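S.K.:
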Amino acid sequence: MRRGAAALTLIVSLLAAGCATPAAESEFFGKVDPPEGQVLRYITGSEPESLDPQFGTGQPEARIYMALYEGLTEYHPKTTLPIPAIAERWDVNEDSSEFVFHLRPTARWSNGDAITAHDFVYSFRRGLSPAFASRNAYMSYYILYARGYNEGGVFVRDPSSGRFVQRSEVSGESPLRLVLPGDEATRRQAIGADPALQKVTAGKQFVPIRAEDIGVEALDDHTLRITLTQGAPFFVGMTAHQFFRPVHRPTVEKFGVRWTDPEHIVTSGPFILKEWRPYDRLVVVANPMYWDAATVKLREIRFYPIEVQTTMLNLYKAGEVDAIYNHTVPPSWLPIIRGLKDYMDAPEIAIEYYGINTTKPPMDDLRVRKAFNMAIDKAALARFRVVAKPLTAFTPEGIFPGYPQPQGDGFDVSRARELLAEAGYRDATGNYDPGAFPTDQVELVYNTLEANRQVAEFVQAQWKQNLGITVPLRNMEFRTFLSERSNLNFKGFARAGWIGDYMDPYTFLELFAVPSPGTNNDSGWFDPKYVDMLSKANRTLDPMKRFEILAQAEAYMLEAQPIIPLLTRATDWMKKPYVKGMYPNPGTLHAWKFVYIEHDPAKWDYGVPALAD
Amino acid sequence: MLRFVIRRLIVTLPLVLVVITLTWGLIRLAPGNFYASERALPAAVEQNIRVKYGLDQPWYVQYGRMLGNALRGDLGTSLQYEGRSVNEILARTIPVSAAVGFLAYGLALVVGVAAGTLAAVKQNSALDYTSMAVAMFGISLPNFVLGPLLVLLFSLTLYWLPPARWDGLPSRSMVLPVLTLSAVYMAYIARLARAGMLEVLRSDYIRTARAKGLDEKQVILRHAMRGGLLPVVSFSGPALAILITGTVVVERIFALPGVGNYFIQANLNRDEPLILGIVVFISIVVLFFNLLVDVAYGFIDPRVRY
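Here the protein sequences line up with chains P and B, keeping their order.
Just add 16 to wherever you are in the first sequence, counting from 1, and you've got our numbering.
Just add 7 to wherever you are in the second sequence, counting from 1, and you've got our numbering.
(1) Please classify Val226 (chain P): does DSSP put it in a helix, a strand, or coil?
(2) Name the chain B residues that come within less than 8 Å of Val273 (chain P), Cβ to Cβ?
(3) Mark Val28 (chain P) as exposed unless 16 or more other C-beta atoms lie within 10 angstroms of its C-beta, in which case mark it buried.
(4) For chain B, is any of its Cβ atoms less than 7 Å away from the one on Lys333 (chain P)?
(5) Which residue comes first and which comes last in the alpha helix (DSSP H) that contains Thr496 (chain P)?
(6) For a quick check, are the C-beta atoms of Ala569 (chain P) and Tyr546 (chain P) less than 7 Å apart?
(7) Please list the terminal residues of the continuous beta strand (DSSP E) segment that includes Asp135 (chain P).
(8) State the DSSP-derived secondary structure class of Glu200 (chain P), mapped to helix, strand or coil.
(9) Nearest chain P C-beta to Ser162 (chain B) closer than 7 Å, yes or no?
(10) Would you give the residue range spanned by the alpha helix (DSSP H) that Gly108 (chain B) belongs to?
(11) Return the CA-CA distance between Ala40 (chain P) and Thr164 (chain B), expressed in angstroms with no decimal places.
(12) Measure the Cβ-Cβ separation of Ala231 (chain B) and Val207 (chain B) and say whether it is below 7 Å.
(13) Near Phe140 (chain P), which residues of its chain fall below 6 Å by C-beta distance, leaving aside the five closest residues on each side in sequence?
(14) Near Val191 (chain B), which residues of its chain fall below 7 Å by C-beta distance, leaving aside the five closest residues on each side in sequence?
(15) Enumerated in chain order, which unbroken segments of the alpha helix (DSSP H) with a length of 4 residues or greater are wholly contained in the region 213-276 of chain B?
(16) With a threshold of 8 Å on Cβ separation, who are the neighbours of Arg315 (chain P) within its own chain once the five nearest residues in sequence on each side are excluded?
(17) Looking only at DSSP bridge pairs, what is Tyr448 (chain P) linked to?
(18) How many Å lie between Glu258 (chain B) and Pro264 (chain B) at the Cα?
(19) Name the chain P residues whose beta carbon is nearer than 7 Å to that of Gly39 (chain B)?
(20) Report the residues of the region 36-67 of chain B with a CB closer than 9 Å to any CB of chain P, ordered along the chain.
(21) Check for me: the beta strand (DSSP E) holding Gly178 (chain P) runs from which residue to which?
(22) Cβ of Asn76 (chain B) less than 7 Å from any chain P Cβ?
(23) From the DSSP output, in three-state form, read off Gly203 (chain B) for me.
(24) If I measure Cβ to Cβ from Leu299 (chain B) and keep anything under 8 Å in the same chain, skipping five residues before and after, which residues do I get?
(25) Strictly under 7 Å for the Cβ-Cβ distance: is Ala83 (chain P) near chain B by that measure?
(26) Since Ala432 (chain P) and Asn482 (chain P) should fall inside the 8 Å C-beta cutoff, what is the C-beta to C-beta distance between them, to a whole number of angstroms?
(27) Please report the Cβ distance between Val312 (chain P) and Pro278 (chain P), rounded to the nearest whole angstrom; I am assuming they are in contact, meaning their Cβ atoms lie under 8 Å.
(28) Taking only beta-carbon atoms, is Val158 (chain B) less than 7 Å away from chain P?
(29) Going along chain B, which residues have a C-beta under 7 Å from Gly534 (chain P)?
(30) Are there 16 or more other CB atoms within 10 angstroms of the CB of Thr464 (chain P), so buried, or fewer, so exposed?
(31) Would a check of beta-carbon distances place Ala40 (chain P) closer than 7 Å to chain B?
(32) Comparing alpha-carbon positions, which option in P:Pro69, P:Ile80 and P:Pro294 lies nearest Trp608 (chain P)?
(33) Using the C-alpha atoms, what's the distance from Val282 (chain P) back to Tyr419 (chain P)?
(34) Using only CA atoms, which one of P:Val624, P:Ala472, P:Thr535 and P:Leu196 lies nearest to Phe509 (chain P)?
(35) How would you list, in chain order, the residues of chain P whose beta-carbon sits under 9 Å from the beta-carbon of Tyr192 (chain B)?
(36) Give, in chain order, every residue of the region 145-161 of chain P whose Cβ lies closer than 9 Å to some Cβ of chain B.
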């Protein structure tokens, strides 16, 4: 029995040691020995789908692309707003529908070739080509005819005069050409349903939209003009997105889909690819050809693709990695980690909410939707979730400076019960009666994840306590859930989250500018008046005035309650104190050229580094 | 013997085809698709993707093409990892999974057989009880509990070994995954070896061997073990097959770039060619090792004849 006893002692001492560690150790989580020299070991999330910036869609990829590729602009390390990169400056026309970028003559590809405006033209056309089938193509739909080209659409041309039929000949005022579906059956159907279309298309030719038709032109080697279909003041912010980062044409054309292999790849960013072992490591080293190589301090970054949170934190604690990406600290670890000085807590350009299927009773009744929203104590929810802020609107709290964010309905149980009574759920005396509510017609669905379950149970308890209604919960595997949700195949409520693509409220508000199903509008609510308000805002030149109109639109949408806002998320990640130049910015997107390892403990970050400039 | 092997090999091919077809059908039945993400795609973008990957064609065309390619040894290209062929992914991941699996199995075999044999020889002694108690503990402790416990002790408290990741062979990074993986098998083997040996030690031919005046060491090592370890051999086939085809939990906990890690992700990603490729690989390995065990029986057990 001696060995059994020994094993038991081992386990007990092990657990005791585990519990004692955080208290016994310093103000940081685990080891704080900086690596030799300027090497950063970073966990960026799942294995990248591809090293092609126009192909990969996720945040893990975005962070790797930020090392390898540089775009017209780059994300500011603190604010995520655009800063000059390959473009040293840009001009905007007065209604924000035309942007002229002036490229740096010193910008070079990693093989020494000059980076020119033609490279951008090539890259944007390639990204939009239907055969390339980029999932991010929609990011550039603001560019003139980009959508038509990507969708395989056609222009309508008069065969005798060669003149293109304008959109204004069919409806409204618009200086653009008419675009129709490329698929003949769909087109015939569209024309058949619209007499105005029949008139203008009679006897005309249908000409496929070509890559050359989109609103991207090289005025000369260093000047790029981008024309949009509508005013979009936020467009410059979008140009830092991975989809707009250029690729090297000769390499792509020579090696096809294998052009991203380490032996072929040619890139434009501050780092170049040295080694790529899928699911193991991706190593980049400083690029000597980079135009701003003098600023780049790190000699090497090792990206580790890891998906399991506890594994990440174990590696971090053992000092095997120096920083990890956002939302990586498991909720149960927060009580220990939140008080440490290497925990990065800051508001994020991301929200959590529940979409309501407004097409099915009882949720088609506005009063019912409002009641369910008012019956949730969001402040309590935020306290429960620890790293989050309560949210009553649809844009995240405290992210967009100067934006007069509206407030949605607050926590008001008695009003909620009144509303439900008004909606017909009452007894003979006219008082609210939870028994009258059809509980079997609603449910709360979410994709299987510990945090989602916790929030769902919390909200369920709130409804039970405040309304006396027990809404059933149902969890689903992620991809199954996505298809159920976007097709509005759920009844009641579906968990949703949104991360902004660029630093502007519009990246949230545009979700409801398109009808369901099959879009990001997971509510079935669609109102042309709302869409008009948004386009009016985007045509407005004064940024503050524009914000005001956007805020009005947001308030209008909140009034219709197609969603239940829950939380503004927090960045929630860790970095060792010796990693400098890395900030908890709203997108957790780090411009690597500013990051370095500080070997002098006096200059370390003791706490969250200041985000103010 | 040769005829037996050939006959078994002939059965293997249809079996693999059935496995492929079933898997393919099951993937089709699962809702969702590989290109879905938290943000919905415009219909046209989805259509472009469907055309690019041939998903716009009828199912029998897709099935036929997949089967034809598979029969030629081309398992297709991953849908999740642009441009990376399934063969290439397997070629990268199998060595990692196999290395960890073989090491773990080797360790389990050596320790398990030694402990089991000793326990049988010294039946009802303190040694027997202790080693069987530890083995019982090992069987009951799942690797997703044991792994983190080992990490807690060796990586996060003593800082001796890295808590995860793979630095190739040999390296410090292999110690914890191998230990974690082998524990259960070690325990099983110890119990199987003990039971097998106990039975054999009571049989007539062992009494004969002892009666001949053979030294006890000879009796156990040369005569008893050969028969006593048969249960271990039959256990080894499937066990090895499972171990070297990637053990999902351990590869996940220790972030090893092996087959198991990809397998989980491929399923979550609805990466059809990759799922199929891994399933084909696993089924072939399982069939092969079962065959190997049957062949091994012919050598070890004089009663078995083919």
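Here a beta-carbon is modelled for each residue, glycine too, at the ideal position from N, C-alpha and C.
These figures come from a predicted structure and were not determined experimentally.
M.R.: Result, derived from the coordinates:
(1) Position 210 of the first sequence, counted from the start, is the residue given in the question as residue 226 (chain P). Before going on, a small fix: residue 226 (chain P) reads as Arg here, not Val. Three-state DSSP puts Arg226 (chain P) in coil, outside helix and strand.
(2) Translated into the one-based positions of the first sequence, residue 273 (chain P) becomes position 257. In chain order: Glu89 and Gly90.
(3) Residue 28 (chain P) sits at position 12 when you count from the first residue of the first sequence. The predicted model places Val28 (chain P) with a pLDDT of 47, which falls under 50 and marks its position as unreliable, so this point remains unresolved.
(4) Counted from its first residue, the first sequence places residue 333 (chain P) at position 317. Interface residue, yes.
(5) On the first sequence, residue 496 (chain P) is found 480 positions in, with the first residue counted as 1. Boundaries of the alpha helix (DSSP H) harbouring Thr496 (chain P): Phe494 to Ser502, taken from the DSSP string.
(6) Walking along the first sequence from the start, residue 569 (chain P) turns up at place 553. Walking along the first sequence from the start, residue 546 (chain P) turns up at place 530. In contact: Ala569 (chain P) and Tyr546 (chain P) (Cβ atoms closer than 7 Å).
(7) Position 119 of the first sequence holds residue 135 (chain P). Looking at the DSSP string, Asp135 (chain P) is not in any beta strand (DSSP E); the run it does join, the alpha helix (DSSP H), is Ala133 to Leu144.
(8) Residue mapping note: residue 200 (chain P) aligns to position 184 of the first sequence, counting from 1. In the three-state reduction of the DSSP assignment, Glu200 (chain P) falls in the helix class, which pools H, G and I.
(9) Your numbering for residue 162 (chain B) matches position 155 in the second sequence. Contacts with chain P at 7 Å (Cβ-Cβ) include Ser162 (chain B).
(10) Along the second sequence, read from residue 1 onward, the residue named residue 108 (chain B) stands at position 101. Residues Val93 to Val128.
(11) Working through the first sequence from its first residue, we reach residue 40 (chain P) at position 24. Working through the second sequence from its first residue, we reach residue 164 (chain B) at position 157. Only weak support is given to the placement of Ala40 (chain P): the predicted model assigns it a pLDDT of 40, under 50, and the question is left unresolved by the model.
(12) Position 224 of the second sequence, counting from 1, holds the residue named residue 231 (chain B). Position 200 of the second sequence, counting from 1, holds the residue named residue 207 (chain B). Yes.
(13) Here residue 140 (chain P) refers to the residue found at position 124 when the first sequence is read from its first residue. Cβ neighbours of Phe140 (chain P) beyond the five flanking positions: Val232.
(14) Counted from its first residue, the second sequence places residue 191 (chain B) at position 184. If we look at Val191 (chain B) and ignore the five residues flanking it on each side, its Cβ neighbours are Gly145, Ile146 and Asn150.
(15) DSSP runs (the alpha helix (DSSP H)) wholly in the region 213-276 of chain B: 232-235, 237-251, 255-260 and 266-275.
(16) As a position in the first sequence, residue 315 (chain P) is number 299, starting the count at 1. For Arg315 (chain P), where only same-chain residues beyond five positions count, the Cβ hits under 8 Å are Gly53, Gln54, Val55, Val301 and Ala302.
(17) Taking the first sequence and counting its residues from 1, one reaches residue 448 (chain P) at position 432. Tyr448 (chain P) is bridged to P:Arg442.
(18) To locate residue 258 (chain B), count along the second sequence from 1; it is residue 251. To locate residue 264 (chain B), count along the second sequence from 1; it is residue 257. As the crow flies, the alpha-carbon of Glu258 (chain B) is around 7 Å from that of Pro264 (chain B).
(19) The residue given as residue 39 (chain B) occupies position 32 in the second sequence. By Cβ distance, chain P contributes Arg495, Thr496, Leu498 and Ser499.
(20) If the cut-off is 9 Å between Cβ atoms, the region 36-67 of chain B has Ala37, Pro38, Gly39, Asn40, Phe41, Tyr42, Ala43, Ser44, Glu45, Arg46, Ala47, Leu48, Pro49, Ala50, Ala51, Val52, Glu53, Gln54, Asn55, Ile56, Arg57, Val58, Lys59 and Tyr60 near chain P.
(21) Indexing the first sequence from 1 puts residue 178 (chain P) at position 162. Unbroken run through Gly178 (chain P): none, as it is neither H nor E.
(22) As a first step, residue 76 (chain B) is located in the second sequence; it is residue number 69 there, counting from the start. By this cut-off, Asn76 (chain B) is not an interface position.
(23) On the second sequence, residue 203 (chain B) is found 196 positions in, with the first residue counted as 1. If DSSP states are grouped into helix, strand and coil, Gly203 (chain B) belongs with the helices.
(24) The residue given as residue 299 (chain B) occupies position 292 in the second sequence. In its chain, beyond the 5 residues on either side, Gly244 have a beta carbon closer than 8 Å to the beta carbon of Leu299 (chain B).
(25) Here residue 83 (chain P) refers to the residue found at position 67 when the first sequence is read from its first residue. Closer than 7 Å to the CB of Ala83 (chain P) there is not a single CB belonging to chain B.
(26) Residue mapping note: residue 432 (chain P) aligns to position 416 of the first sequence, counting from 1. Residue mapping note: residue 482 (chain P) aligns to position 466 of the first sequence, counting from 1. Rounded to whole angstroms, the Cβ separation of Ala432 (chain P) and Asn482 (chain P) is 7 Å, and the two are in contact under 8 Å.
(27) The residue labelled residue 312 (chain P) in the question sits at position 296 within the first sequence. The residue labelled residue 278 (chain P) in the question sits at position 262 within the first sequence. Distance from Val312 (chain P) to Pro278 (chain P) at the Cβ level is roughly 20 Å; contact not present, criterion being Cβ atoms closer than 8 Å.
(28) Locating residue 158 (chain B) in the second sequence gives position 151, where the first residue counts as 1. The C-beta of Val158 (chain B) comes closer than 7 Å to at least one C-beta of chain P.
(29) Working through the first sequence from its first residue, we reach residue 534 (chain P) at position 518. Taking a Cβ-Cβ threshold of 7 Å, the residues of chain B close to Gly534 (chain P) are Ala47 and Ala50, in chain order.
(30) Within the first sequence, numbered from 1, the residue matching residue 464 (chain P) stands at position 448. The residue in question, Thr464 (chain P), is exposed, as its Cβ has fewer than 16 Cβ neighbours within 10 Å.
(31) Translated into the one-based positions of the first sequence, residue 40 (chain P) becomes position 24. A caution first: Ala40 (chain P) carries a pLDDT of 40, below 50, which makes its placement in the model too unreliable to give a value.
(32) Sequence index remark: in the first sequence, residue 608 (chain P) carries index 592 (1-based). Out of P:Pro69, P:Ile80 and P:Pro294, the CA that lies nearest to the CA of Trp608 (chain P) is found in P:Ile80.
(33) Along the first sequence, read from residue 1 onward, the residue named residue 419 (chain P) stands at position 403. Along the first sequence, read from residue 1 onward, the residue named residue 282 (chain P) stands at position 266. Rounded to the nearest angstrom, the two C-alpha atoms are 41 Å apart.
(34) Taking the first sequence and counting its residues from 1, the one referred to as residue 509 (chain P) is at position 493. When P:Val624, P:Ala472, P:Thr535 and P:Leu196 are compared, the shortest CA-CA separation from Phe509 (chain P) is found for P:Ala472.
(35) The residue labelled residue 192 (chain B) in the question sits at position 185 within the second sequence. In chain order: nothing, as chain P lies at least about 18 Å away.
(36) Within the region 145-161 of chain P, contact with chain B at the beta-carbon level (separation under 9 Å) is assigned to Ser145, Pro146, Ala147, Phe148, Ala149, Ser150, Arg151, Asn152, Ala153, Tyr154 and Tyr157.
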